[in-house]
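A.B. asks: Have a look at this one before I ask anything.
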Amino acid sequence: QHLREKNYHEKMFKMQCGDLSEFEACFQFACPKFLLAHPPSLTGTAPAEADYMKDATKHQTEVFMDEVKQQKMLPTIRSYLKLYTTLPLYKLATFMNPSSLATEKDCAALRTHLLCFKHKMKNVVWTKGTSGLEGSFQSGSELDFYIDHDMIHIADTKVANRYGDFFIRKILKFEELNHKLHSIKL
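Sequential numbering of the sequence shown, starting at 1, is according to UniProt numbering.
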């Protein structure tokens, strides 16, 4: 929201295109100041102390960039999975790399990305209890899939609104009101 208000459209576009340097620049601009859990060495020199102050931010940037690299392909995979109910693994691998036919190495890499997709979409959701860490794992995605040999089977788990139940309740209420009106004698 804040990025849209500040006219960062170009930065957001670069991030959507997968520009890793833009992710890093935005993280370093927006991240809080991190501290290391241990004190600096007292025998160190002045330049070493300056590096000490940057070590925590550098470490957190590396962790963030590792996460970005892991999730870089997930939006593309999700968009292809939404189109199909079954999809051969080699066909999706070909879609992911349209410049050449899918090789066994591409299929193995795609399996890794699919497992990453499944793992990253699982979240612990608090149900009840005293601790906020208690809960059950639930999928954060409206897509679920499994791989049987070299075939991906995809299911849309998004529950559609029940318009039929709503209209049936309104029709029954209308009929009840209609019977009451007919029973009134003027």
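The beta carbon of each residue, even a glycine, is placed where N, CA and C say it ideally should be.
As an exercise, report each continuous beta strand (DSSP E) stretch of at least 3 residues that is fully enclosed by the segment 41-95, in chain order.
C.D. replies: 86-88
A.B. asks: Determine whether the beta carbon atoms of Pro-87 and Ile-152 lie at a separation below 8 angstroms.
C.D. replies: The amino acid occupying residue 87 in the given sequence is Leu; Pro does not appear at that position. The answer is yes: Cβ separation under 8 angstroms.
A.B. asks: Should Phe-174 be labelled buried (16 or more other beta-carbon atoms within 10 Å of its own) or exposed?
C.D. replies: exposed
A.B. asks: In this structure, what does DSSP give as the bridge partners for Asp-148?
C.D. replies: Met-151
A.B. asks: Could you compute how far the alpha carbon of Thr-103 sits from the alpha carbon of Leu-92?
C.D. replies: 11 angstroms
A.B. asks: Mind checking which residues open and close the alpha helix (DSSP H) that includes Phe-27?
C.D. replies: 20-30
A.B. asks: Out of curiosity, what's the CA-to-CA distance linking Ala-109 and Glu-24?
C.D. replies: 25 angstroms
A.B. asks: Cα separation between Phe-29 and Asn-123?
C.D. replies: 28 angstroms
A.B. asks: Mind checking who Asp-156 pairs with in its DSSP beta bridge?
C.D. replies: Leu-143
A.B. asks: Measuring CB to CB, does Leu-114 end up less than 8 angstroms from Ile-147?
C.D. replies: yes
A.B. asks: Which of the three DSSP states, helix, strand or coil, is assigned to Ser-183?
C.D. replies: helix
A.B. asks: Measuring straight from C-alpha to C-alpha, what distance separates Lys-158 and Gly-140?
C.D. replies: 10 angstroms
A.B. asks: Just checking my contact of Cys-116 with Gln-70 at CB under 8 angstroms: how many whole Å lie between their CB atoms?
C.D. replies: The Cβ separation is near 6 angstroms, so the contact holds.
A.B. asks: Go ahead and pull the three-state DSSP assignment for Phe-166.
C.D. replies: helix
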